[in-house]
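Asks: The structure's right below; bear with me while I get my questions together.
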Amino acid sequence: MSKKNKRKLGNGKAGKAKNGQEDGTVKAKKHLGQHFLKDEAIAQKIADTLSMDGYSNVLEIGPGMGVLTKYLLMRGIDLVAMDLDEESIVYLNHSFPLEHPEIFKKTNGLNVIEADFLKFDLQELYGDEQFAITGNFPYNISSQIVFKMLEMRKQVPEFSGMFQKEVAQRICEGPGSKTYGILSVLVQAYYKAEYLFSVPPGVFNPPPKVDSGVLRLIRKKELNLPCDERLFFKVVKTAFNQRRKTLRNSLKTFNLSNNLKEDTIFDQRPEQLSVADFVTLTQKIADDPV
420 MSKKNKRKLG NGKAGKAKNG QEDGTVKAKK HLGQHFLKDE AIAQKIADTL
470 SMDGYSNVLE IGPGMGVLTK YLLMRGIDLV AMDLDEESIV YLNHSFPLEH
520 PEIFKKTNGL NVIEADFLKF DLQELYGDEQ FAITGNFPYN ISSQIVFKML
570 EMRKQVPEFS GMFQKEVAQR ICEGPGSKTY GILSVLVQAY YKAEYLFSVP
620 PGVFNPPPKV DSGVLRLIRK KELNLPCDER LFFKVVKTAF NQRRKTLRNS
670 LKTFNLSNNL KEDTIFDQRP EQLSVADFVT LTQKIADDPV
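The working numbering runs 419 ahead of the 1-based position in the sequence shown.
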């Protein structure tokens, strides 16, 4: 983070948070979708998914008790850890550095922020600088995290982390699959998506009821699509909102000309179209004289 942006935004408070545990641990909270990763090897593998190529800023979402945070700090990066949980904020600001003094001797430090990622203005942190995003994401908002990341795509060269397995697979899925959908197309329009490995429930405290999966997204060199990008997003979302119908029926609200609707692309269902096909479809709709 540049000096102009490197101000202390953390707001951890000394002492014990409400409902804090006497032994200094943090209790996972169901309403926040928390499942704390406890497997050190998996935490290190997630930290190692980031290449740090061309950037030094990393934002970790949902650090919990810092098992991933620790391995990110070992990489000597400018790290911001963002969480909504007051207990986590207090722990990371006070107990965590005391438990890992050797790491903090070799790092630029940890900026801990109590905030909702979905509502936080990231330009307060980074201005126009590049930053990667990673984390063991709360499963109840993981898709929303990806959509916000896409809004910031010109500043986010890499994104990695833990999702519910089926969500991670959906993001990385290709056309022709029943799980291929809105997230798949919008993410893959701008990023190379890789499903890296699966994670069983037993490595979390408390264990979730589902398997988890880790993915990595690497931004493509070309940041702009050869079409109206707002229209592209609208076409993709509208098409998949009625995914069982052909595009001729699912895109009726666009009031397309009869001539355009005769195009064979409208005989297909949305899951049959690649990202390139959706770009072509958007171009056709934009050029429609109606």
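We treat Cβ as the ideally placed atom computed from N, Cα and C, and that holds for glycine.
So is SER676 buried or exposed if we call it buried at 16+ other beta carbons inside 10 Å?
Replies: Exposed, by the Cβ-count rule.
Asks: Secondary structure at TYR614, three-state DSSP: helix, strand or coil?
Replies: Note: TYR614 maps to strand in three-state DSSP.
Asks: Ordered along the chain, which non-local residues of its own chain (more than five positions away) have a Cβ less than 8 Å from that of MET571?
Replies: Correct list, in chain order: LEU541.
Asks: To the nearest angstrom, how far is the alpha carbon of ASN678 from that of ASP707?
Replies: ASN678 and ASP707: Cα-Cα distance of roughly 9 Å.
Asks: Would LYS584 be called buried (16 or more neighbouring beta carbons within 10 Å of its own) or exposed?
Replies: Classification of LYS584: buried, given that the 10 Å Cβ count is 16 or more.
Asks: In terms of residue numbering, what span does the beta strand (DSSP E) encompassing ALA500 cover?
Replies: Per DSSP, ALA500 belongs to the beta strand (DSSP E) from 497 to 502.
Asks: Nearest-angstrom Cα distance between PHE652 and CYS646?
Replies: Their backbone Cα atoms lie some 11 Å apart in a straight line.
Asks: Can you tell which of GLN588, PRO619, PHE539 and ASP502 has the C-alpha that lies nearest to the C-alpha of LYS636?
Replies: This sequence places Leu at residue 636; Lys is not what is there. For LEU636, the nearest C-alpha among the options comes from GLN588.
Asks: Kindly indicate the opening and closing residues of the beta strand (DSSP E) around ALA551.
Replies: Per DSSP, ALA551 belongs to the beta strand (DSSP E) from 551 to 554.
Asks: Answer yes or no: do GLY580 and VAL633 have a C-beta to C-beta separation smaller than 8 Å?
Replies: Against a cut-off of 8 Å, the Cβ pair of VAL633 and GLY580 comes out as a contact.
Asks: With 16 other CB atoms within 10 Å as the buried threshold, where does THR553 fall?
Replies: It is buried - the Cβ of THR553 has at least 16 other Cβ atoms within 10 Å.
Asks: Could you tell me whether the Cβ atoms of PHE578 and LYS457 are closer together than 8 Å?
Replies: No.
Asks: Is it true that the region 519 to 533 meets the region 549 to 567, where meeting means three or more beta-carbon pairs spaced less than 8 Å apart?
Replies: As far as the Cβ criterion goes, the region 519 to 533 does not touch the region 549 to 567, which means the pair count is below three.
Asks: I need the DSSP call for PHE673, collapsed to helix, strand or coil.
Replies: DSSP places PHE673 in helix when its eight states are reduced to three.
Asks: Measure the alpha-carbon distance for ALA608 versus PRO520 and round it to whole angstroms.
Replies: Straight-line Cα distance between these residues: approximately 43 Å.
Asks: Beta carbon of ILE465, beta carbon of MET493: below 8 Å?
Replies: The answer is no: Cβ separation not under 8 Å.
Asks: Taking the beta carbon of VAL654 as the centre, do at least 16 other beta carbons fall within 10 Å, making it buried, or is it exposed?
Replies: Buried: at least 16 other Cβ atoms inside 10 Å.
Asks: If you run the structure through DSSP and keep just helix, strand and coil, what is VAL531?
Replies: Three-state result, VAL531: strand.
Asks: Given that a residue counts as buried once 16 or more other Cβ atoms are within 10 Å of its Cβ, and exposed if not, what is THR488?
Replies: THR488 should be labelled buried.
Asks: Flag this pair as touching only if the region 609 to 629 and the region 662 to 671 have three or more C-beta atom pairs under 8 Å; answer yes or no.
Replies: Output reads no: the region 662 to 671 does not touch the region 609 to 629.
Asks: Quick check on MET568: does DSSP put it in helix, strand or coil?
Replies: DSSP places MET568 in helix when its eight states are reduced to three.
Asks: Can you give me the Cβ contacts of LYS639 inside the same chain, cut-off strictly under 8 Å, excluding the 5 residues immediately before and after it?
Replies: These residues qualify, in order along the chain: TYR609, TYR610 and LYS611.
Asks: Closest to ALA658 by CA distance: which of PRO516, LEU511, PHE550 and LEU700 is it?
Replies: Comparing Cα-Cα distances from ALA658 to each of PRO516, LEU511, PHE550 and LEU700, the minimum goes to LEU700.
Asks: According to the neighbour-count rule (16 or more other Cβ atoms, all chains shown, within 10 Å of its Cβ), is ASP547 buried or exposed?
Replies: When all chains shown are included, ASP547 counts as exposed.
Asks: Roughly how many angstroms lie between the CA atoms of PHE455 and SER631, to the nearest whole one?
Replies: If you take the alpha carbons of PHE455 and SER631, they lie about 12 Å apart.
Asks: Quick check on DSSP: helix, strand or coil for GLU592?
Replies: GLU592: coil per DSSP, three-state reduction.
Asks: Would you decide whether LEU555 is buried or exposed? Buried here means 16 or more other CB atoms lie within 10 Å of its CB.
Replies: The sequence shown places Asn at residue 555, not Leu. Answer is buried; the Cβ neighbour count reaches 16.
Asks: By the DSSP assignment, the beta strand (DSSP E) with GLN583 in it spans what residues?
Replies: Unbroken beta strand (DSSP E) run through GLN583: 577 to 583.
Asks: For the beta strand (DSSP E) holding VAL477, just list the boundary residues, first then last.
Replies: Where VAL477 is concerned, the enclosing beta strand (DSSP E) stretches over 476 to 480.
Asks: Where do the N-terminal and C-terminal ends of the alpha helix (DSSP H) with SER631 fall, by residue?
Replies: Run containing SER631: none in the alpha helix (DSSP H); it sits in the beta strand (DSSP E), 631 to 638.
Asks: Using the C-alpha atoms, what's the distance from ASN512 back to SER475?
Replies: In a straight line, the C-alpha of SER475 is about 21 Å away from that of ASN512.
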